[in-house]
Amino acid sequence: MDVSGAGAREIGLDHLTLVDVSPPELVAVADAVGFDSVGLRVHPARAGEQRWPVRTGSPMLLDTTARLRDSRVRVHSVEVLPLAAHTRVADCESVLATGARLGARFVGTFAEDPDTDRLADTFAALTERARDYGLRALLEPMTQSSVSTVGHAQRVVARSAGGGVLLDALHLVRGGSWAAGHVLDRALVGYVQLSDGRLDGPGELDVRLPLPRRQPIPSTEVGVESVAARLLPGEGELPLAELLAAVPADTLVSVEAPAVRRVALVGAVNYARWARRAVDAVLTAPARTWDRSRT
């Protein structure tokens, strides 16, 4: 089985891991602990979430680009655009412009429209417009969205001209994609987000846990786990090596492993350092035999 070592891949840090850290500070943290790139949250996932003021022309954007120039870190993605029934491409222009200014390669989206045909049309139009900014639009299948499986996401993306799928290991398991044995279309894979957890569910979590940036996620164990209580890659039971073996060997791998209480205890830099070491260990580990019946 071909699972490339850490040296063969770009290793990123996605913003949700440390979403209370501002974009310019995230660049500094990532640079300090050895990440190659960052994904920046420049748009809230849902109404009510506190937004970082990182629009085109803003002081924070200027600060972020200055930090990038002074580091070896680059931006791999900007996120996150919810695609609802009322979404129009014009609504997304600010995010696309910000992504272009940051030199990003991808713009992340998720689905909030239950009408697959309409969603596919919206995603196709966004993909076309994003290309004008040098960005590839990616659709992420998520348990808290109207597209929760990789099969569904691939059907939507296949109707666009050049869009892709963002694969989050936790959502693939919690959404049932791996238990169902969905086949990945390697050509559609944008990049992979790694975290970890139990195979049989998140277990008992405090659903009253304060969520970073006041994210209005439903108060369920699965919802809280996804934004505030994940494990680092290799600490749980998810089939991470199998996922990596299923995608092209040069696919970007990024850590998205928010853990609010752990970060509060050890600080952002230490947690990011642990995350960097964790992904290195996973990238060089052999695949385990995975029992799909446990999910």
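Using full-length UniProt numbering, read the sequence shown as starting at 1 and increasing by one per residue.
Think of the CB as a built atom: it goes at the ideal place given N, C-alpha and C, for glycine as much as any other residue.
Here Gly108 is buried, its C-beta having at least 16 other C-beta atoms within 10 Å. One Cα belongs to Arg277, the other to Leu232, and the distance between them is close to 10 Å. Straight-line measurement puts the Cα of Ala125 at about 12 Å from the Cα of Arg136. Judged by DSSP secondary structure, Ala137 falls within the beta strand (DSSP E) whose first and last residues are Arg136 to Leu139. A contact is defined here as three or more CB-CB pairs under 8 Å, and the region 191–211 fails this definition with respect to the region 91–100. Rounded to whole angstroms, the separation of the alpha carbons of Arg174 and Asp196 is 11 Å.
Going by beta carbons, Val282 and Gly234 fall inside the 7 Å limit.
Between the region 149–159 and the region 216–230 there are fewer than three C-beta pairs closer than 8 Å, too few to call the two in contact. Taking the CA atoms as reference points, Asp20 sits about 19 Å from Leu81.
When DSSP assignments are scanned along the region 182–249, the uninterrupted stretches of alpha helix (DSSP H) that are 4 or more residues long and fall wholly within it turn out to be 221–228 and 240–245. Residue state for His86 is assigned as coil, using DSSP reduced to three classes.
The region 114–124 and the region 96–105 do not touch, with fewer than 3 CB-CB distances between them shorter than 8 Å. Exclusion of the five residues before and after Glu256 leaves Asp14, Leu16, Thr17, Gln193 and Ser195 as the residues of its chain whose Cβ lies within less than 6 Å of its Cβ. By the Cβ neighbour-count rule, Gly57 is exposed, with fewer than 16 other Cβ atoms within 10 Å of its own.
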